[in-house]
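Number of protein chains: 2
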Amino acid sequence: ADAEAGKAKAVVCAACHGGEGKAMIPGYPHLAGQSAQYTAKQLRAFRDGQRQDPVMAPMAKPLSDADIENLAAWYASLKP
Amino acid sequence: ADAEAGKAKAVVCAACHGGEGKAMIPGYPHLAGQSAQYTAKQLRAFRDGQRQDPVMAPMAKPLSDADIENLAAWYASLKP
Chain F
32 ADAEAGKAKA
42 VVCAACHGGE
52 GKAMIPGYPH
62 LAGQSAQYTA
72 KQLRAFRDGQ
82 RQDPVMAPMA
92 KPLSDADIEN
102 LAAWYASLKP
Chain W
32 ADAEAGKAKA
42 VVCAACHGGE
52 GKAMIPGYPH
62 LAGQSAQYTA
72 KQLRAFRDGQ
82 RQDPVMAPMA
92 KPLSDADIEN
102 LAAWYASLKP
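Sequence order for the protein chains is F and W.
One gets our numbering by counting positions in the first sequence from 1 and adding 31 to each.
One gets our numbering by counting positions in the second sequence from 1 and adding 31 to each.
Below, the structure written as structure tokens:
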């Protein structure tokens, strides 16, 4: 996975999850340092509707498998 | 919420999520420092089946609302 590409892709995510993966909005999860495997699994679940959330569905929908791996690698690389 | 009561309740969770909320098993989420509101929301979703996971369903099923608030407070209190 390419964490740098993930960083670029994460610009839209930063609005809620913070530029460094620390959520700006209470109730939204911190992602910094989270296990890449877990984050990727959740993004796939949001994308495929296996996990439902009205905010995350449209965010995850357009993501490719590579985008997902890169995003997960980027967040895992951040200091929690 | 009572984080100490949450700590006692979290003994069974530690097997996968770690005694200090750092997951022992790749692919399982770190919970240390996670937003209490988010953790509680996910536990309720697992308990009520709104979010499905074969491992978490039986874990969350027996939890009371108070248990959930206490567990969420406990994990939020841990250093990520």
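Glycine included, C-beta positions come from ideal geometry on N, C-alpha and C.
| Query | Result |
| --- | --- |
| Cα-Cα separation, A88(W) to S108(F) | 29 Å |
| Close beta carbons around R75(F), own chain, < 7 Å, minus the five adjacent residues each side | I99 |
| Secondary structure of L66(F), DSSP reduced to three states | Reading the sequence as shown, one finds Ser at residue 66(F) and not Leu. Note: S66(F) maps to coil in three-state DSSP. |
| Reduced DSSP category for G37(W) - H, G, I as helix; E, B as strand; rest coil | helix |
| Residue-chain proximity (G37(F), chain W), Cβ-Cβ < 8 Å | no |
| Min CB distance A54(W) to chain F below 8 Å | yes |
| Minimum Cβ-Cβ distance from R78(F) to chain W less than 8 Å | no |
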